[in-house]
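So the sequence shown is numbered by numbering that gives the first Met the number 0: it starts at 0 and just counts up by one.
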Amino acid sequence: MKRKAQEELDYEAVVIGAGVGGIYQIKRITDLGLRATLLEADEDLGGTWYRNRYPGARFDSESYTYGYSFSKELLSEWHWKERFSGQPENLRYLNFVADKFDLRQYMQFNCRVASMEWDDDAHFWTISLTDGRVLTTRFIVAGLGLLSTPTPPRFEGMESFEGRSWHTYHWPKEPVDLTGLRVAVIGTGATGIQVIAEIADQVGELTVFQRRPNWSAPLNNSPISEEEMADIRDRYDEIYELCAKTPGGFEHQPDRRGFWSVTEQERIELWDRLYDEPGFGIWLQNFAEIFTEEKANAEFSEYIADRIRQRVDDPAVAEKLIPTDHGFGMQRVPLETNYFEVYNRPNVELVDLSAHPIVRITPNGVETTETERPFDLIVYATGFDAITGAYDKIAIHGVDGVKLRDKWADGPITYLGLMVSGYPNLMMIAGPQGASASSNFPRSIEQAVNFLSELLEFSLAKGATRIEAAPEAEEEWTQHVQDMFARFLLRKGKGWITGYNSNVEGRESGVQRYGVYNGGAPKYHARLEAVRSNDFDGVSVR
Ligand code: NAP
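Written out as structure tokens, the structure is:
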């Protein structure tokens, strides 16, 4: 069979996913003049911000650094109302962007992709949807999301529960009246911590089931006034320039003095100040050594432990809320608003699952090895099959029919987190081993979309119909990702960043998967720039 001509295919390019990445990608692709569509599994756009409607869901990036930077007009027209804005406003923002650039015309909703099959003779993909529809395209850009495959636990009896229950990702669209309800929240990651703090004073009784506590520090949110917003608009160039220079893609810059070159008193002064400042400053404006040196990390962790002790009335409860199996920042740090004070309320109970694990869910509630507690609502804040989960759900058959999920069985392998050898013409916006998961998400997303759009333009100008990461380039990148990981204490964490998930078969052991590029956003972006300026070195274009 010879190459299919463009006009024989339904589309030249298909973008999958209408989240932050897909929205910008469909703009760039259609700006190139390609005949393209965007397929979204949900009934509307927004991705993460469409789905996560649980009470308390909000940014922990400063809103104005989370927004897109690609259009001055966009920046001048949107007013962020809060420094860390909530899900409803975030979703409104994404709708505003899509409407402003008239992008809905390219989007098809309720289109869940079941499988994708590459034809290596004719150079095209066949995409099958779960409803039986089939379409063909030359290129695919996947914007599937890093945290879009929720993983409820696997407790016996979950279906028997006679009250209401859901995973936080599936919090209902219609308002839920929590007044007077006996509510269980299982899980204390970033999601659980947000929900718990938000609903504690709305519910009748709240029981928090915690298996391992997480380090957490105050978000310190506040409204953004008209004047402040005007100032932010004036400084947008400066703000984005700074974000581009910092490892996390935020405004926060690490303290360069050196942990051991200042006195303990000076360290405490810095931490006292950062604890009261907004956002991730407490993590990212800190001394670099807390990311790499056990001793420095232990001293800082003890400081945070003391702050927790000061906020929780009952010393025994406070100790249960302080992690002992990992130091601060070895797992993704959730930011909180009055989270620890929740445990001073008479209607809140903390159940320590490390002492009394859950045995089963009963028709009435939750049974641990200690007792059975009755509930009206059980909220599973139990996380996601992160990074590769959304890819694993689709049967992606590349060259010779090899399934991507088989290739990645022991961990993902990619070139720059953007392409995979053996899967030509398939590109990933926030793929495994990219910088998105370890930085302010949209800052790296924009970089990825810009890179992929330019790669497409470059390839089309050459009349190419097949672009693929070279196996050696992929090997080198995967090795580099592993080497960078080895430098940071983050490798010791047992969380989604290292590939652990007790609710996914084969991931319970916590054996490390290298799904995140940990070398910092500036290094990553410099690498993209180098590849781009070297005619997309490492990508075969023909
Ligand atoms: P997560 O960090 O993976 O936390 C899941 C929680 O559920 C953990 O406490 C875990 O305990 C617990 N858990 C899981 N299975 C359990 C089981 N079978 N029994 C008992 N406990 C169980 O998930 P997440 O909180 O949804 O957060 C995921 C990521 O989403 C975050 O790290 C962050 O990147 C992102 N996020 C961002 C924001 C934001 O502010 N922008 C908000 C929410 C989430 P163990 O620790 O013991 O496994």
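Positions of the beta carbon are idealized from the N, C-alpha and C atoms, including for glycine.
If the five residues before and after P171 are omitted, its C-beta is found closer than 8 Å to the C-beta atoms of R52, W165, all from its own chain and listed in chain order.
When DSSP states are grouped into helix, strand and coil, L145 belongs to the coil group.
The closest heavy atom of ligand 1 lies less than 7 Å from the beta carbon of G382. Pairing H169 with T190, the inter-Cα distance amounts to about 12 Å.
Put simply, the backbone Cα of A35 is about 6 Å away from that of V13. Under a 10 Å Cβ-count criterion, S452 is classified as buried, with 16 or more other Cβ atoms of the shown protein chains found around its own Cβ. Looking at the DSSP output, L128 sits in a beta bridge with V112.
Ligand 1 has a heavy atom closer than 7 Å to the beta-carbon of L352.
Within a 10 Å sphere around the beta-carbon of G400 sit fewer than 16 other beta-carbons, which makes this residue exposed.
Close CB contacts of L31 within its chain, under the 8 Å cut and outside five residues either way in sequence, are with S452, L455, E456, L459 (chain order). Within the segment 245–290, the runs of alpha helix (DSSP H) that reach at least 4 residues and sit entirely inside it are, in chain order, 263–274, 280–283. By the neighbour-count criterion, in which 16 or more other beta carbons inside 10 Å mark a residue as buried, S300 falls on the buried side. Within the DSSP bridge table, the entry for L349 names V207 as partners. Taking 8 Å as the upper bound for CB-CB distance, S539 and A447 are not in contact here, some 20 Å apart.
Of the heavy atoms belonging to ligand 1, at least one sits nearer than 7 Å to the Cβ of S501.
Contact between G18 and G144 holds: their C-beta atoms lie close to 6 Å from each other, under 8 Å.
CA-to-CA, the gap between T361 and S159 works out to about 6 Å. Inclusion of Y516 and A434 in the CB contact set at 8 Å is warranted, their separation being smaller than that value. The continuous stretches of alpha helix (DSSP H) do not include V184, which lies in the beta strand (DSSP E) extending over residues 181–185.
G179 is classed as exposed because its beta carbon has fewer than 16 other beta carbons within 10 Å across all chains shown.
In terms of CA proximity to L415, Y523 leads the group I223, Y523, T323, A380. Along the length of the segment 446–486, whole beta strand (DSSP E) runs at least 3 residues long occupy 466–468, reported in chain order. Note: G85 is bridge-paired with R57 in the DSSP secondary-structure output. Within the model, the alpha-carbon separation for V316 versus R372 is close to 19 Å. Judged by pairs of C-beta atoms under 8 Å, the segment 149–158 does not touch the segment 391–407, as fewer than three such pairs exist.
For E276, the closest of A216, R442, G247 by C-alpha to C-alpha distance is A216. Under the DSSP assignment, H524 falls outside any beta strand (DSSP E), being part of the alpha helix (DSSP H) whose first and last residues are 520–532.
In terms of Cα proximity to T148, the closest of G55, P174, E42, F383 is F383. The DSSP-derived three-state label of E371 is strand.
The count of Cβ pairs closer than 8 Å, one atom from the segment 331–338 and one from the segment 351–368, stays below three, leaving the stretches out of contact.
Distance from the CA of P423 to the CA of T125, rounded to the nearest whole angstrom, comes to 13 Å. Collapsing the DSSP output to three states places H396 in a strand.
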